[in-house]
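Everything on this sheet refers to the single structure shown next.
Chains as they are written, first to last, in UniProt numbering: chain L, 1 to 154; chain C, 1 to 778.
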C-alpha cells in the first residue's frame, strides 16, 4: 500500500506491506533508529512517537495508519542544533543511564507538558507511567521533566 | 568546564548528547546491506522428547534462505560454555539448538534465516515438531524429592546439579550452646532482569579478509570473543566482537548465549550478514533469571542479643542447563552470610537443583542480595523474639571501625568500614524516634505504618583473579595524539554506568587537559587488547585503576620530556591549570599537546626515551572491595486493600571515594528501584508443569514511576585501601540494601496482626489475607 507521511517536517512516500508496524517503518524503511522497540506490546513505551502531536506507541500501530499524518520522532525534537528543553533537562539532571527508554520517555514527557505546563511531582510520575525505565529509578527523570517545565514556562 | 579538579564534581555525561537525540547505535540500529534475519522456534513444552521435526514447508517458503535444526548444527558448533566448576558437579551438554529433547519452555529448537524478519517469523509457524511430553518439575525443592522426574537422566539418577559448602568456626557448637536458636525459612523468588533493550546479535563474515565481526548486546565483549572462537572453532585473532551501545544489562548480558554462537555461525556459513533481535517474550523465556533460592536459616543467639552463629541450608533452583556463571552465583551468598556482624561461626550447605526452567545466573547483586536479605530479615525476627529494638540489635553485633581489615567467618577480608556512622546518619535523616512515635499514634487510629532498617555490606570490585572463574583483572590504556588529544581504551564495557565521563574526569585531572579532549573507548575487541568486562561493581574499582596506572606511566614520560625541553629536573616539574612548568617559573610552560608533539616528532627527546606517548596497564586487584550502608524504608499498608505504599526511603551508602556524585546517585536510585521491585512486585512464575505464566510485561510487574517516593540519599566516605582511587563500587549497592529494608518495614507494619514474615513479592492479595485477622491491641 502506498502511504504518505510527514516525519519531522519532511514528506515521505513509500509502498509498504499492510502489516508493517509503524515502528519498523520508521526504523527500517525511513532509517530513523532513535525510536526503539522494548516489548512489542505497548507496555514499555520505548517506541513512543508523536502522531499529530499526541504520544502513541508505534509498536502497535501499523504504518498504514499513519498515512496522511504527521509524526515527530526523537530525531525531530532538536531545532537548528538547539536541544529541546526536555532533552536539555535529561542531560542536566542525569535523566538517563543506558538511554534505551529515553527517546520514548522524552516524547511522553513532551505530551505531558503540552497538557500540563506546570505539573506537580505526582503529576509527572503518573504522566510517565506508560513508559518503563529499568536504570534510573525514575527520580532523575522526574527532575529532568521539572527542569524542562520550568524552562518552557519562561 | 574547569580544566582540572573534575574528579568529585557533578560533570554532565559525555554519552548523553547522542542518547537524547536518538543518534546512538544499539545492535538493531546497525544496518548492513544484504542482512538476513533469524527467527527461532522455541519449545512450548517444559520437558518433552522431540520425535520428529518437519521443516519442509518452512524451507520452501519464499524468502527463506536456510532452516537449521539441532541435528544439522550438532557437528558444526560447540556447546554453550559454563565457567564455573566444582568437584562432582554435573554438567549436562548445553546445545545451541535442542537435539533429542527439550528441557524448558523457550529452549531453541529450530532457526529460520530469511531475507526479512517478518518472513522469518512466518516461516517459523510452518515448522511442525512432534513432541512426546514428559513429566516436568518446576521448583528446586520439588526437583530434589524422591520420585521427581529426572531431567538429565544421562547424568545420574537425580536432579542434584552440584553441592557446595562453606564453613568457618564451629557452627554446631554455637547452635548447641546458644541461649536460643532462631530458625526461619525464606523463599527468594525468581526474577527477570528486563534490560529495556533485549538481547541482539549481528554478525558479518568477510571471506577475503577471513574476518568475523560480531556485534552483540553484551557486557563482556572479550570473553565472548574467546568463547566464540572456541565454539565456532575459528582462530580468535580472526574474530572481532563489538558491544555497541548497550541498553542495560544488570548481569543478564554477562553471558554467552545460544543465539550469539548461532548467528555468528550462520554468518560464516551463508557468507552474508545475519541478525537476530530478541523479542520481549523470548527475553523473559530465554535470557537468564536471577535469585530463586529456598532454604532455612538457623541463628545462634544469646539472650543479651549477641549473635554467635548462623547456618543456611539452601536449595538453589538453577534451571535446566547452566549459563556462564550459573553455579557460582549462590556461592556468593555463602561468602557474605555474616553481613556487617561479628559472627565467626558460620556454615552454608548449598544444593543446586536442575528444574525445567531457564537458567539462573547473575542478576544485579548476584548472590549478595540473597545473603543480605536473609541476615537482615533474621536480625528483625531475632529482635522481635528478644523484644529488642532491631536497630539496637544491629549496633550490638556490628564489626567496629577499629577492627578493619576484618576477616569474616567465611574467610573474606572486609577492607574498611564504619557501619555505625552510616546507621546513625540514616536514622537521623529518617527521624527514627519520631517515626516510631508516629507509628504508635497511627496504630491507635487503625493505620499501619511500618519502619524497616537494613544495614548491609557487599562484596564488589570483582575481583582478585584467584577468586574468579574467568579472570578478575582489568586493562587500561592511555594514548596521547601528537595534537594532545587523549584516548583511553578500557577493558570494561559500560552500558549506562557512565565511564565515558568518569574515566575522562580522572584523565582530565591527571594529565591536565580539558575533559572534552579525552575520548573513552570500550567494547571493541579490535581496539582494546583484552578486558574482562562490566559486572560485579568492578568497572571503576578495577578498570578505573588499570587506566590510572597506565595514565601514571604516561605522566611520568610527559614529565621527563617536559623537564628535558624546559631544561629542568623531572622532580621540579609541576602541572597547574593544564600547564607543565619548572617550579617557580610558570611563564615558561608547556601544554600536554606541546609535549606530545615533541614525543612524536622525536628529534629532541631526553636520552633513553622511546618516541610516542601511549601506555597500557593490566591491573590485578589484591582484594575485593566492601561497600556498605544503611537503608530505611517507611511504608504504610492499606488495611482495606493490602496495598503497600512506600512513603519515605532513606539511603546512606558508602562506596568509598566518589568520582561523580551525580552518577553515583543515579546508580543508587536505580538499584533501590530494582530492590523495591523484588520486594513488592516482581516474580517470574512457572506453573507446576513448567509453563511460563509471566511471559510479558503485562504479567511481569516492572516498577513504574508512581510506585516510588522521592528517595532521600546521603553518604559517608570510607575509602578502600585496595586501589589508589579509594573507590569501592556502587552498581549493586542499592539493590542489595533495599529489598530487606522494605520487607522489614511491611512486617513491622503488620506486627499487630502477629505477622512474623512474608515471602516476597509482597503483593496486595498476600498482605490483605494476613490482615484479615483481628489486630491485637498494642
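Idealized CB from N, CA, C, for every residue including glycine.
Note that the structure is a prediction, hence the values are computed from the model and not measured.
Residue from the options with nearest C-alpha to residue i
i                     : options                       : result
residue 523 (chain C) : C:722, C:243 and C:675        : C:243
residue 85 (chain L)  : C:93, C:21, C:660 and C:86    : C:21
residue 451 (chain C) : C:437, C:136, C:159 and C:458 : C:437
residue 269 (chain C) : C:598, C:708, C:234 and C:255 : C:234
residue 734 (chain C) : C:185, C:747, C:112 and C:669 : C:669
residue 72 (chain L)  : L:143, L:9 and L:144          : L:9
residue 322 (chain C) : C:589, C:770, C:84 and C:606  : C:84
residue 17 (chain C)  : L:140, L:133, L:107 and L:81  : L:81
residue 774 (chain C) : C:767, C:766, C:752 and C:764 : C:752
residue 364 (chain C) : C:460, C:591 and C:280        : C:460
residue 205 (chain C) : C:264, C:715, C:250 and C:149 : C:264
residue 231 (chain C) : C:260, C:213, C:664 and C:330 : C:260
residue 623 (chain C) : C:337, C:118 and C:412        : C:412
residue 498 (chain C) : C:665, C:560, C:467 and C:650 : C:665
residue 528 (chain C) : C:621, C:478 and C:457        : C:478
Partner residues on chain L for residue i, Cβ-Cβ distance less than 8 Å
i                     : result
residue 696 (chain C) : 39, 41 and 43
residue 663 (chain C) : 94
Buried or exposed (CB count within 10 angstroms, at least 16 for buried), residue i
i                     : result
residue 192 (chain L) : Because chain L is modelled from 1 through 154, residue 192 (chain L) falls outside the range shown and cannot be assessed.
residue 407 (chain C) : exposed
residue 652 (chain C) : buried
residue 779 (chain C) : As displayed, chain C neither begins before 1 nor continues past 778, which places residue 779 (chain C) out of reach and without an answer.
residue 79 (chain L)  : exposed
residue 147 (chain L) : buried
residue 402 (chain C) : exposed
residue 717 (chain C) : exposed
residue 157 (chain C) : exposed
residue 707 (chain C) : buried
residue 296 (chain C) : exposed
residue 587 (chain C) : exposed
residue 237 (chain C) : exposed
residue 155 (chain L) : No answer is possible for residue 155 (chain L): it lies beyond the span of chain L, which begins at 1 and ends at 154.
residue 428 (chain C) : exposed
Own chain partners of residue i with C-beta closer than 6 Å, once the 5 adjacent residues on each side are dropped
i                     : result
residue 600 (chain C) : 482
residue 508 (chain C) : 6, 515 and 518
residue 683 (chain C) : 189 and 761
residue 124 (chain C) : 39, 41 and 112
residue 472 (chain C) : 462, 463, 464 and 465
residue 136 (chain C) : 46, 47, 356, 689 and 690
residue 115 (chain C) : 63
residue 2 (chain C)   : Confidence at residue 2 (chain C) is low in this model, with a pLDDT of 37, below 50, so its placement is unreliable and no value can be given for it.
residue 128 (chain L) : 108
residue 338 (chain C) : 346, 408 and 409
Own chain, CB closer than 8 Å to residue i, minus 5 neighbours either side, in chain order
i                     : result
residue 404 (chain C) : 414, 415, 416 and 417
residue 557 (chain C) : 599, 609, 613 and 615
residue 780 (chain C) : Given that chain C is displayed from residue 1 to residue 778, the structure contains no residue 780 (chain C) and the question cannot be resolved.
residue 103 (chain L) : 34, 35, 36, 46, 48, 73 and 74
residue 611 (chain C) : 599, 600, 602 and 605
Chain-ordered neighbours of residue i on chain C, where CB pairs are closer than 9 Å
i                     : result
residue 142 (chain L) : 705 and 710
residue 92 (chain L)  : 12
Contacts that residue i makes with chain L (C-beta to C-beta distance below 7 Å)
i                     : result
residue 194 (chain C) : 134
residue 669 (chain C) : 136, 137, 139 and 140
residue 495 (chain C) : 98
residue 666 (chain C) : 94, 97, 136 and 140
Chain C residues whose Cβ lies nearer than 7 Å to that of residue i
i                     : result
residue 101 (chain L) : 196
residue 82 (chain L)  : None at all; the shortest Cβ gap to chain C is about 11 Å.
residue 78 (chain L)  : 21
residue 125 (chain L) : 705 and 706
Within chain C, the residues that residue i reaches when beta carbons sit closer than 8 Å
i                     : result
residue 112 (chain L) : Neighbours of residue 112 (chain L) on chain C: none; closest Cβ ~11 Å, over 8 Å.
Close-in-space but distant-in-sequence residues of the same chain around residue i (CB under 7 Å, 5 per side omitted)
i                     : result
residue 152 (chain L) : 85, 113 and 117
residue 68 (chain L)  : 4
Closer than 7 Å: residue i CB and nearest the ligand ADP heavy atom
i                     : result
residue 397 (chain C) : Ligands displayed in this structure: none; no statement on the ligand ADP is therefore possible.
Which runs of the beta strand (DSSP E) spanning at least 3 residues fall entirely within the region 574-658 of chain C, listed in chain order? 579-582, 614-619, 628-637 and 644-654
What residue ranges within the region 338-374 of chain C form continuous beta strand (DSSP E) runs of no fewer than 3 residues, ordered along the chain? Counting whole runs of 3 or more residues, the region 338-374 of chain C contains the beta strand (DSSP E) stretches 345-354.
Extract the residue ranges of the beta strand (DSSP E) inside the region 109-183 of chain C, only unbroken runs of 3 or more that lie entirely within it. 128-133 and 160-168
Contiguous alpha helix (DSSP H) assignments of at least 4 residues, all confined to the region 82-142 of chain L: Correct list: 85-92, 102-115 and 121-127.
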